[in-house]
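Take 41 as the starting number for the sequence shown in the working numbering and just add one per residue. The C-beta atom is built at its ideal place from N, Cα and C for all residues, glycine as well.
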Amino acid sequence: MTGYPYYFLEREQPILWRPHVSSQDLTRLLSVYAIRAVPSYWSDFIPSFYQDLRARVNQSVDGVVMSQQAMELTLLEFFTIIAEEIGRAEIEPQRRSQLVNEVTNGVPLIMSCIQEILMGSNPASKQKALICFKSWVQYGTAFDVIQPILGLALNSLLDDETFDSAAEVWSEIMSSNAAARYQNTICEGLMPCFASEWAKAKHLESIHAESEDVGKSLCQLLSAFGDNFSDWIAARFLRPDIVIYLEMMMGFAGFPGYYAEDEEISDLTLNFWYVLQESLSELQPDDSEDGIGRESLDEDRHVILSSISSASNIVGLNKQSLQAIREASTQVYVKLTEVLRRKLEYPMQKEWMTWTRDIRQEFTGHRQEIADTLINSYHVLHDQILTLLIDTCVMQLDEIQNASSSGTNVPDNPQLEIGLVRLEATLYCLKALSEVVPHNENVQMPRFFSEQIFGRLPKTYVCRASETTLSLIGSYAEWFKLHPQFLLPALNFVIPALEIPQLASSAAKALKNICDTCRESLVEAIDAFMTVFANVERAIDPAIKGSVVYSIATVIQTLPIERSISPLVGLLGDIFTRSNECLETRKQRLASGNSGVTVTHIQTASGETELEPLSAMMLLQLDFLSSCCKGLQSPLEDEIRTAEERIHLYQRTVEDRARVLSAGGMAVELARSMEQVIQEVVMVWPHEQQIIERVCHIIKTMMTASQLSPLYLPFTTLVRVIENGFQRHAFSCWLDAAAKVVSVYYLETTGGTLASKLGSSSVPNSYNGGAGPDSYSVSSSPAVVDIDNDLPSSASTVTRGRTAMELENETVFTHLLSTLISRTLEGMQSMSESLMNFSVAGLALQERLALKATLLFLIEFVNQSYDYPVLQQRVDDLMARIGPQMMRGILLGIGGHVPRSMVPQLNDSLFPFVGKYPQECRTWIQALLAEPEFPSKYADQASKEKFIKGILQ
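Spelled out as C-alpha cells, the structure:
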C-alpha cells in the first residue's frame, strides 16, 4: 500500500486511538477516500487497512501506544462507515462495479473480525461490533455469510450490556429480504431466547417498575418478531415457548400508565395482534408439515443454538391440533380484549386537565388504534366478545348505581367518576365493533339496547360516557334499520342531548346517521319524533341546528306529500318566525333613513370585519332553510337519467303539489311563508353577498326532479326572484342559479319542450291573496317564461363595460349561455346578436377559466344539431355576422395575446368551426392572415402559410 493511505496512517493514527479524541470524523474521511480511490489508488483496501492496523497494536507512534481495544474500535468504525457510505456514494457505474467487487471480497474478513470481537469479553468492543454487524445486514450481505455470527448475536441478547445493540441487529435481520427464506432458522433461534429466564425477568422488571427504559428494546424486538413471523407463530400456537412469548406481548400491550402521558410502549404491540389474527384465520390442516413451505435448518443450527436449549420439534397440523389452536386463541383474545379495554380508560378529570393538548390528542388517537385492534378480536371471538363486553357493562352499571348512593355530584364522588370512566371504555369497545357486528345480529345487541341495560345508562350525568353512548347509537344505524323497535328509545336518548352543549355535537351526528339510514323506519314514529324535537328546539345550539333540521327533513321526505305538511310546519315554524322578525327589523331600519343602522358589517376588536347581529341572524335562518331543502331531496334523484323519466316525474309531482295546495290549510301557509321570506330577503338585503349566496343556494336546492314538497317555490316565482335579485346587484351566484333553473326546466325532447309536455295551466305560479288565506289560484300564464330574454339581457347590460365586468361573472354567465343553448330550443331561437358579440369579446380575456368557458360556449353553439330548419338557419345567420370577429379573437389569442397555457385550446377550437363551416373559415382565416403583422409582428408569411395548411387541409 502506497500513497495517501500510508501517509494518513503514519501522520494521523496517533490521533485515532487517543481516548480523548473522537476518531469518527477522521475514519469517515478515510472511508470516503477509500471508496473513491478503489482500485486505482488503493486496491484491496479492506484487508490492507485491517492488516496494517493490527500490525501497529502496542507500537508507539509519537509516544502514543495503540491498544487492542483502540484498534478494534477504529476498525469497526471504518467498516461501519464503509457499509453506510457505499449506497450513498455517487460513483459512475463502472467504478461502482469495481468497488462492489472489492467490498464483496472483503466482507468475509469483516465478518471474521466481528466474530472474533464478539467472542471476546470487552463490552464496548462488542457493542461496536454489533453496530457494525447491523450496518452490513442493512447493506444486504448474504444470509449464509452472516450466519456464523448469528449464534453470537443471540448470546448478546442475554447480556444487559449488549442487549440493545443485539436487539437492533435482530430487528434488522427479521425485516431483511432473506428473512422469509430462513424463517425457521431465525425463529427457532430466537424463541428459546425469548422464553429464557433472563428475558422473562427483564419483562417483569419493566412492568413492575413501570419503566420503559428497561423494557422498550425488548418490546421492540418481540413486536418485530411477531410482525414478521405471525404465520410461524400461529402454526405453533400451542408450544410452551410461544405461550410465554404471547404472555410477554400481552404484558406490554397493557403496560401500566396512560399512553402518551406515562408510556408509549403499548402502541408497539398493536400491529402484532392484527397480523396474528390474520394468520390464525388462514390456518389450514397440515399448514406446517415438514417439507411444505419450509426450508431445512442449516447444519450450523447446532452451532447457533449451542448455548441455548433446543426447541421442540414441529409436527404438521391435523384437524384436532387446529381446533386446539382455535380454542387457545380464543382464550388469548378474551384476555387481550380486557387488557385493551382498560387501556381505553380516560384518567380522572383533574388529571386530564393537567395534560397538554398534544398529549391529549396522542391519547385520543391511540384509542382509535385500539378500536381497530378490537375489530381483530371480534374476528376471533365473534359473539363471545359481545357477551363479554355487555356482561362487563352490566357489572359497571351496578357499580355506578351503588356509587351514586353516596352522591350524584361526579367531582365529589371519586367512586362514581371511576365507574363512569370504566363504563365509557366498555361502551367505546362496543362502538368500535359496530363496523363488524352483523346488521342482523339478534341476540346480544337486542340485549344491550333493552330497557334492562340501555335503559339504565346514565342520562343525568354530562360526561364522556354519555358522549360515547351517543356515538355508539349513531354507529349502529344500520343495525337499527333491521331492528326498528329499538329506534324510539334510542332517539329519546339522542334528542334531549341536543340541548346540552357538551353533548350536542355527538347527538347531532348520531341523529344524522339514524335519520339518513332509517328514514323509512321512522315514518310510523314521526309524530312522537316531532314531539320530542319540539321540546328541545329552541335550546339547540345554532352551530348544529342546521344538521338537525337536515336530519329530520330526510325523514319527512319519505312521507306522502299530504302527511309531510304537519311535520314541516313543526320543523320550520320557529325558523319562519325568527326570519320574519329579522325582516321586520330590517325594514324598520331602512325606513328610518339612518345609514348608521342600515350597515350590514361591523369591525371586531381584532380589526376583522363580520356581519352585524341582525344580518348574521338572518343568514343563520337561511342556512336552516337550506338544510331543510337539502334534506327534502329524494335519495333517488341521481337515479333519474332520461328526459322522459324526469318529465313523467314532473307531471306527477306538479299534480301532487297543486292538489295539496288547492286544499288550502297549512300547505298554503307553508308555501306562502317560504315565498315571503325569499322575496323579502332579496328586497331588503340585495347587496349583502353572503345572504344572497344563501338565497341562491336554496333556489338551486329546490331544483330537483322530485319536487314533492309544497315548500318549494313555483317556477315563475323562482325566475322572478332571480331576475329581480340580479338587477339589484349582479352577483355571479344569480347567474349560477339561473343556469340551474334552465338545466332543470328546459328539457328538449322529441315532442317539444317541458312546457308543451306539462301544459301551460298545470304549473301554479301565484297565490290569490284576495280570496282568503286558504285559497290558491292557478294562473293561466305559461310556466316556462322567456328567461333567455329577461335574465341574459340584464347580464349583458351589467357586464357591457369591460371595466365593470368581474371575472367570476364572466365565467358563470358564459356557463349560463351554454346551458341555455344546449337545453332550450327557445333559447337558441331568441339568442341575440349582442349576446353573441359579448361572447366573442370574451376571447380577449386574460383569465384562464373565463376564457375557457367562452371557448366552450362558442363550440357548443356551433355544434348544436337541430331538426328544425328555422333554428339551423338562425345559427347560420349569427355565424355569418359574428364569424369574422370570432376568428379574429381566436387567432389573436394564438398569436400571443392570451396566457400561453391557453394557446393549445385555442388552436384545437378551430377544428369544430372549420368542420362546420369550411368555406367560410377558409375565407376568414386567409383574409385575417393577409393583414400585416397579424396576429403578431413576429408572424412571417411562411409561418402563416404553414398554419393555414395545417388548419385547412
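In this structure, I131 keeps its C-beta atom at 8 Å or more from the C-beta atom of V143.
Excluding five sequence positions before and after K256, the CB atoms of its chain that fall closer than 6 Å to its own CB belong to I305, given in chain order. Between V589 and L611, the gap from beta carbon to beta carbon is short of 8 Å.
Using a 10 angstroms sphere on the CB of T617, the tally of other CB atoms stays under 16, which defines it as exposed.
Checking the DSSP bridge columns, you'll see I642 partnered with E650. Taking all protein chains in view, the Cβ of A505 is crowded by 16 or more other Cβ atoms within 10 Å, so the residue is classified as buried. If you ignore the 5 residues before and after A164, its C-beta comes within less than 8 Å of the C-beta of Q109, L113, all in its own chain and listed in chain order. Within the same chain, Cβ atoms closer than 6 Å to the Cβ of Y298 are found at P387, the five residues on either side in sequence being excluded. E303 sits in a strand when the DSSP states are folded into three classes. Around the CB of D253, fewer than 16 other CB atoms lie within 10 Å, so the residue is classed as exposed. The beta carbon of T413 sits closer than 7 Å to those of L310, W313, Y314, L380, all from its chain and outside the five residues before and after it, given in chain order.
Sorting L357, A579, L512 by C-alpha distance to the C-alpha of K552 places L512 at the top. In the structure shown, A293 adopts helical secondary structure according to DSSP, grouped into three states. Burial is judged here by how many other beta carbons sit within 10 angstroms of a residue's own beta carbon; F951 has fewer than 16 and is exposed. Contact annotation: the region 192 to 211 touches the region 161 to 178, with at least three C-beta pairs closer than 8 Å.
Contact between L946 and G955 does not hold, since their C-beta atoms are separated by about 16 Å, which reaches or exceeds 8 Å. The beta carbon of L362 sits closer than 7 Å to the beta carbons of L323, P325 from its chain, once the five residues preceding and following it are set aside; these are given in chain order.
S446 sits in coil when the DSSP states are folded into three classes, being neither helix nor strand. Boundaries of the alpha helix (DSSP H) around R136: 133 to 158. Out of N224, Y285, F569, the CA that lies nearest to the CA of K242 is found in Y285. With contact defined as three or more Cβ pairs closer than 8 Å, the region 617 to 631 and the region 719 to 727 are in contact. A direct Cα-to-Cα measurement between A631 and H641 gives close to 19 Å. By the Cβ test, the region 471 to 489 is not in contact with the region 436 to 453, since fewer than three Cβ pairs between them sit closer than 8 Å.
Annotation: the continuous alpha helix (DSSP H) that includes Y468 extends over 454 to 472. For I171, the CB contacts under 7 Å within the same chain, skipping 5 residues up- and downstream, are T120, S205 in chain order. S772 and S587 have their C-alpha atoms roughly 27 Å apart.
M290 and L376 have their alpha carbons spaced roughly 7 Å apart. Setting aside the 5 residues that flank it on each side, A472 is surrounded in the same chain by A411, L414, I415, each with a C-beta closer than 7 Å to its C-beta; the list follows chain order. No Cβ-Cβ contact shorter than 8 Å links I584 with A550.
Counting only residues of its own chain and dropping the five nearest sequence neighbours on each side, P524 has a CB closer than 6 Å to the CB of S561. Two segments are said to touch when three or more pairs of C-beta atoms, one from each, lie closer than 8 Å; by this definition the region 919 to 938 touches the region 877 to 889. Rounded to the nearest angstrom, the Cβ distance from L543 to V502 is 7 Å, consistent with a contact under 8 Å. Between I157 and the set C558, E733, L192, the nearest pair of CA atoms involves L192. In the structure shown, A169 falls within a helical segment according to DSSP collapsed to helix, strand and coil.
Judged by DSSP secondary structure, L672 falls outside any alpha helix (DSSP H); it is assigned neither H nor E.
Here N480 is exposed: its Cβ has fewer than 16 other Cβ atoms, across all protein chains shown, within 10 Å.
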